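Notes for the one structure printed next.
Number of protein chains: 2
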Amino acid sequence: MVDAVVRSHTPATSKHTPAGGAPTAPHSADEAQAVEASEPRIDLVTVNDLLLGTWAATRREARELIKDPLFWRVDGLPMAEHRERALAAMHVLVENNGSRRAFPEKFGGLNDNGSNIAGFEELVLADPSIQIKSGVQWGLFGSAIYQLGTEAHHDAWLPDVISLALPGAFAMTEIGHGSDVAAIGTTATYDPDTDEFVIHTPFRAATKEYLGNAGLHGRAATVFAQLITGGVNYGVHCFFVPIRDAAGADLPGITTEDDGVKGGLNGIDNGRITFDQVRIPRTNLLNRYGNVAADGSYSSDIPSPGRRFFTMLGALVQGRVSLDGAATTASALALKIAVTYANQRRQFDSGAGTPEVVLLDYAKHQRRLLPRLAQTYAQAFAHDELLRSFDGVFGGRTDTPAERENLETLAAALKPLSTWHALDTIQECREACGGSGFMAENRLVGLHHDLDIYVTFEGDNNVLLQLVGKRLLSDYAKQFKGKDAAALARFAVGQTAGKVFHGAGLRQLGQNVGDLGRTARSVERGLRADQQHELLAGRVQQMVADIAVRLRPASKLSPVEAAAVFNENQSELIEAARAHAELLQWESFTDAIAKVGDEGTLRVLTWLRDLFGLWLIEKHLAWHLIHGRLSAQRGAAVSSYIDRLCARLRPHAQDLVDAWGFAPEHVRAPIASGAEQERQDAARAYYAALATSGQAPVSEKAVKKH
Amino acid sequence: MVDAVVRSHTPATSKHTPAGGAPTAPHSADEAQAVEASEPRIDLVTVNDLLLGTWAATRREARELIKDPLFWRVDGLPMAEHRERALAAMHVLVENNGSRRAFPEKFGGLNDNGSNIAGFEELVLADPSIQIKSGVQWGLFGSAIYQLGTEAHHDAWLPDVISLALPGAFAMTEIGHGSDVAAIGTTATYDPDTDEFVIHTPFRAATKEYLGNAGLHGRAATVFAQLITGGVNYGVHCFFVPIRDAAGADLPGITTEDDGVKGGLNGIDNGRITFDQVRIPRTNLLNRYGNVAADGSYSSDIPSPGRRFFTMLGALVQGRVSLDGAATTASALALKIAVTYANQRRQFDSGAGTPEVVLLDYAKHQRRLLPRLAQTYAQAFAHDELLRSFDGVFGGRTDTPAERENLETLAAALKPLSTWHALDTIQECREACGGSGFMAENRLVGLHHDLDIYVTFEGDNNVLLQLVGKRLLSDYAKQFKGKDAAALARFAVGQTAGKVFHGAGLRQLGQNVGDLGRTARSVERGLRADQQHELLAGRVQQMVADIAVRLRPASKLSPVEAAAVFNENQSELIEAARAHAELLQWESFTDAIAKVGDEGTLRVLTWLRDLFGLWLIEKHLAWHLIHGRLSAQRGAAVSSYIDRLCARLRPHAQDLVDAWGFAPEHVRAPIASGAEQERQDAARAYYAALATSGQAPVSEKAVKKH
């Protein structure tokens, strides 16, 4: 039981209490390998600090607060009660200064954007409904007032927004227009006779839809509408519109409807709002980026309507940023539950007369959980980078148009991958826990229900990736202004990604990746870090170049034909964007490792990074083979490298999920509480006692042999 | 609008009413292609008959019954009310003879096994809780009495089982043992002094768990326990044990607990049962396969304990069979909703000045939905084959040990693929419908919640595939008794799958596939049917042969080492089983096409089959490349073949989902009701009227040009 001895060593310096009971003694199918792999250990404190990232202090503060059960999701609670519970929890957040971090000192805030997002993300551990309802109130409704409005708006409304005296809805999406915000139908027509805007829903498809706080609690809404003055449509702008009176009744001209039961997040009162010629003061236009004077004349500091529109939307990027972080934390929680259970639950003996095998000793079970754990680590590191970019731009330190654009592209790249990963990981964990995983008390199904919508809200994932793809194409095209298709194709061949994308403002591919040499020794007979990087980066570059070549003729076609050519390449453009995001995650992981001093931590995290890299390469193995990046022989070996890494990492799996530092109040799932270990121990004790009692029945087979 | 004209042609002979409103006029991004592809049309009646299969009459009867809203799932219903509603619906089923089809004429039944399963499967359209609670009562609890008991048991209990006067639980799974039934801990010890069995739960892990009807409604249970008599354990047998009195209180020695809220299926009262020395008459042993006489002596017609155990389990295969069918029907329903919506919802204009594009005209959207539709078709045909096999065995016409084993292997192969496909398809449809897809009223989230557990109950999918893999290996090994590894490897190379598996009892690979020549012309420049078949079948054969070679040395190793070698190959063995199941589905699809006389139907379904085949090949493209089955050049073309097929099938998508024949009472989702089309039409009418009124605001850009 060498392995058990190693496992019971918990660093004395650990500052987190491992949830899920005492460290377990995994029974390894390959003892020799486990012993070999167990020599290094991660330092839990070091890794916990790495995972919690730049705003670790805020995350720990938020985690302390949500140890209070009033924040916890109650399964099976009727919708109406869940909504009231979520609202009540938000009031407690306010009392604990959880709502003001992003706002100016003037309003009691900290003006600390990164910390604000970090704090909200942790709420996903308590109840995703609270996370998202908070996001609606302070991240969308409040941010619209703060980011799109000016001082008078801030003074008038922000104090009540922060204190939750004024709950509000963020009315952008319409029944007929989700991702395509520019095409919304709601109109805001200026009437100079009364100095008012008239907000109107001209047809049913223009009804505002799916708005949190619109179903019940909201008193006002930030409404996106086509601004029309003097017979000219100046495009989408945002307006502050009261919707309910103090008693909760719809104001004149306002019709709200309740969306009713949803697939999850039922603590949020989503609903619809229809406007029938609703008049609001002219000054309710949130006029930071565009204003209408009393005489109806329009002015803006941003002359280009397109750039103005995207500037306004970009001011609200924090929704995407926070979903990336919350999805990553939720994935880690699911893995904490499934790995803990898999280290305690036994099923089938191996046919070798040994005790029943714990689930995580099955190679397939390792394959199901460990690569997903590797990606979750990569996401945590990539997210911290995203959050630092966000904090730089919104804190004003790096607030340039180029940095804003980079931030938006990075958010659009990372949010799709992490939110899809959350659903995939939570589902795999659910299945890996069998029937237990389907019980609401074990959290996994609730997490899946609640996070389901993350993949299509705050930007549909496919639409976001398409945006990223277009950005990659346009960066690429900038290199070849005026060159013809053949020259472009010739150029693409053999270029490093870093050169092609140089100056593109995105992470400079092929650069800034920490110390590849130092970690390169990790996989014997495998693909070294530099080889992983070359494959991942080369794929992005080649895919973009290939699509650019195929789209090149479109410039000479009619608009209809050009649209058809683009449509033919849509799937691949989305794949290229995904490849780009994967590369960014891999690079973030590699950079994070470069900071590690502790030798055991470095070694284990390097294996985990290698597992992530090889998993990505395996996912796209056909591409690498077709494009001659890997020979058939080396391609065939990728899967066995992954199996090898899984076996190596298997003894570290519990450490790697414990390092997230979730307390029992965050985990809560009975199957990860140690109860399964107690049951297994009781069963083994029963059989041991029976055997020594001499009362044990003999087997039929044994009788027949006589 | 040639396309619209074609679309409005609905065959006059159609016997089903298309749900989801009138046929729509899709706007194709490539009109020429749509016109070309629209020339053939499927005949809806023909395809509906094909899809409903051998027991179409029963399916239509069941669908008529569940048009009554009392059967419909009500979203957000509190658990307690949902449970009562499901029970009430089952009483209505009884009144309409929905519970007796499988049982003997003696009890008012039809002794019609295939029809029975077909009828239950359709209930998934109403409320999966009703489907599964019915399955527990009549398919598990009732079947255990019928299949494992003898005449006295039938006479005593079946009438009340059928009438629902005696609701019961099927107590096999324990907290500590799910898939590994042989290792359950519950004991049934014979006491000759009182002529009773003593049923006992010796430790917490042996508590019966997740049992439908155990939480609340069940009055008795069929309990699986280790049969011990005369100091010998004869292995797992099944016993009839009363658990509650007429007032619903636990009987002495019985402790039931409620599982509470689950991820779905909350209309079922799952729960736990613990037995504390519960005494039942000796004759409550369901003794068809093993009996204990009054003196305690054990007898069985099946001398081998192992074969006896598997015979008893095999008698209950119908659960897996019915999940395969229900999962397929649920997938079809999800696609009906998503395709209908995608033909009506518009998002973004193409940049070509044309109207906004309907979702299904986006290449990526086609890629998301159409291959899944193709697989759903394949599953329907494969399921009918499975159901015929089941009906043959259980109806006694083909009830041989070999046929039983084949049936069990076929069920174990198909159920994992179709239940995973259901989750994947429902989720993709949910996302493809955006925010609407997350609203409970649109059905998709509820279907996902309810079907989630299908992938791990009635046999965990990975465990089932592993069983199939072992069967493939043992069939393979039979060919090479006594040959050494090298001979085996030499033999494997170049053999056709049909020869390798000849006599294996599974579907004879490479044989019985209908008329490949006739359908081979389908894909110009693509992979013909015979090429698809060769790739799919060759992959199964090669994978099994490779694993066999790698496992060969295990016979010379110690049990512990041999277990380690097997574990190293576990993932790949599961993959081989999946490849086998995929091949079976492809062959079933091809066989189904061979029966089609109508030329348009033949052509469109052949494209759909090709799409399925190519999708499978694309999924495993790296394997085909590594093993030299496809050149890099041909491999690279697979994706573009798929794109081409998607574009061809796009104008037929509505027909292909309408052909399932779901009535509005089965679909129920507002987004597939035509409401979206009405909203879109109203929006376009508004803009058209505005344009002609002369009141339309001009755009800012237009003003600036002046």
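Going line by line, the protein sequences match chains A and B. Just so we're aligned, residue 3 is where the first sequence starts under the numbering used here, counting upward by one. Just so we're aligned, residue 3 is where the second sequence starts under the numbering used here, counting upward by one. All C-beta atoms, glycine included, are put in the ideal place defined by N, C-alpha and C. Owing to the predicted nature of the structure, the values given are computational and were not obtained by experimental measurement.
Exercise. Output, in sequence order along the chain, the residues in the segment 312 to 326 of chain B whose CB is closer than 9 Å to any CB in chain A.
Key: none
Quiz item: Which bits of chain B does A/His-451 rub up against, with CB to CB less than 8 Å?
Solution: Gly-265, Val-447, His-451
Exercise. Look up A/His-629 in the DSSP assignment and say whether it is helix, strand or coil.
Key: coil
Exercise. Could you spell out where the alpha helix (DSSP H) holding B/Ala-531 opens and where it closes?
Key: 531 to 553
Practice problem: Taking B/Asn-235 as the query, report the chain A residues whose CB atoms sit under 8 Å from its CB, ordered along the chain. | Solution: Pro-699, Val-700, Ser-701, Glu-702
Quiz item: DSSP on B/Ala-295, reduced to helix/strand/coil?
Solution: coil
Quiz item: So is A/Thr-458 in contact with chain B if we call contact Cβ pairs under 7 Å?
Solution: yes
Quiz prompt | Residue of B/Gly-308, B/Ala-336, B/Gln-346 minimising C-alpha distance to B/Gln-679 | solution = B/Gln-346
Quiz item: So, does the CB of B/Gly-178 fall closer than 7 Å to a CB anywhere in chain A?
Solution: yes
Practice problem: Spell out whether any CB of chain A is found under 7 Å from the CB atom of B/Lys-621. | Solution: no
Exercise. Between the Cα of A/Asp-710 and those of A/Ala-120, A/Ile-147, A/Thr-152, A/Gln-682, spot the shortest distance and give me the residue it belongs to.
Key: Any property of residue 710 of chain A remains undetermined from this structure, which presents chain A solely from 3 to 708.
Quiz prompt | Proximal residues to A/Ala-45 (C-beta, below 7 Å), its chain only, five neighbours per side dropped | solution = This sequence places Asp at residue 45 of chain A; Ala is not what is there. Answer for A/Asp-45: Pro-13, Asp-600, Gly-602, Thr-603, listed in chain order.
Exercise. Would you mind telling me which residues of chain A sit closer than 7 Å to B/Ser-557, beta carbon to beta carbon, in chain order?
Key: What B/Ser-557 touches in chain A: nothing, since even the nearest Cβ is about 13 Å away.
Quiz item: Whose C-alpha, out of A/His-179, A/Gly-178, A/Trp-140, is nearest the C-alpha of A/Leu-168?
Solution: A/Trp-140
Quiz item: Nearest CA to the CA of B/Ile-186: which residue from B/Phe-199, B/Gln-279, B/Ser-302, B/Gly-237?
Solution: B/Gly-237
Practice problem: Step through the CB atoms of chain B and report whether any lies within less than 7 Å of the CB of A/Ala-634. | Solution: yes
Quiz item: What residues from chain B crowd round A/Gln-572, counting only those whose CB sits closer than 7 Å?
Solution: Tyr-364, Ala-365, Lys-366
Practice problem: Kindly list the residues whose CB is nearer than 7 Å to the CB of B/Leu-469, restricted to its own chain and excluding five residues on each side of it in sequence; keep chain order. | Solution: Ala-414
Quiz prompt | With 16 other Cβ atoms within 10 Å as the buried cut-off, status of B/Ala-2 | solution = Coverage of chain B is limited to positions 3 through 708, which leaves residue 2 of chain B absent and any answer about it impossible.
Quiz item: Going along chain B, which residues have a C-beta under 7 Å from A/Leu-206?
Solution: Before going on, a small fix: residue 206 of chain A reads as Arg here, not Leu. Those are Arg-681, Ala-684, listed as they occur along chain B.
Quiz item: Beta carbon of A/Gln-587, beta carbon of A/Ala-384: below 7 Å?
Solution: yes
Practice problem: Identify every residue that forms a DSSP beta bridge with A/Glu-259. | Solution: A/Arg-274
Self-check item: Distance CB(B/Ala-442)-CB(B/Asp-77) smaller than 7 Å
Solution: yes
Quiz prompt | B/Leu-193, enclosing beta strand (DSSP E) - first and last residue | solution = The residue asked about is misnamed: residue 193 of chain B is Asp in this sequence, not Leu. It spans 189 to 193 - the beta strand (DSSP E) in which B/Asp-193 sits, taken as one unbroken run.
Practice problem: Quick one: residues in its chain with C-beta nearer than 8 Å to the C-beta of A/Ala-295, no 5 flanking neighbours on either side, listed in chain order? | Solution: Ser-301
Exercise. Just list the beta strand (DSSP E) runs in the segment 199 to 257 of chain B, keeping only unbroken ones of 3 residues or longer that don't cross its boundaries, in chain order.
Key: 210 to 213, 222 to 231, 234 to 244
Quiz prompt | B/Thr-285 versus B/Ile-428 - alpha carbon distance | solution = 47 Å
Quiz item: Counting Cβ pairs closer than 8 Å, one from the segment 440 to 456 of chain B and one from the segment 125 to 144 of chain B, do we hit at least three?
Solution: yes
Quiz item: Are the C-beta atoms of A/Ser-352 and some chain B residue less than 7 Å apart?
Solution: yes
Quiz prompt | Rounded Cβ spacing between B/Phe-440 and A/Lys-264 (contact assumed at less than 8 Å) | solution = 5 Å
Exercise. Enumerate in chain order the residues of its own chain whose CB-to-CB distance from A/Pro-307 is below 6 Å, with the five nearest sequence positions on each side excluded.
Key: Gly-237
Quiz item: Do B/Ala-222 and B/Ala-173 have their C-beta atoms within less than 7 Å of each other?
Solution: no
Quiz item: Excluding sequence positions up to five away, which residues of its chain have a Cβ less than 6 Å from the Cβ of A/Trp-57?
Solution: Gly-116, Ser-117, Ala-120
Quiz item: Under the three-state reduction of DSSP, which class applies to A/Arg-348: helix, strand or coil?
Solution: strand
Quiz item: What did DSSP end up calling A/Glu-358 once you bin it into helix, strand or coil?
Solution: coil
Quiz item: Do A/Ala-340 and A/Leu-371 come within 7 Å of each other at the CB atom, strictly closer than that value?
Solution: yes
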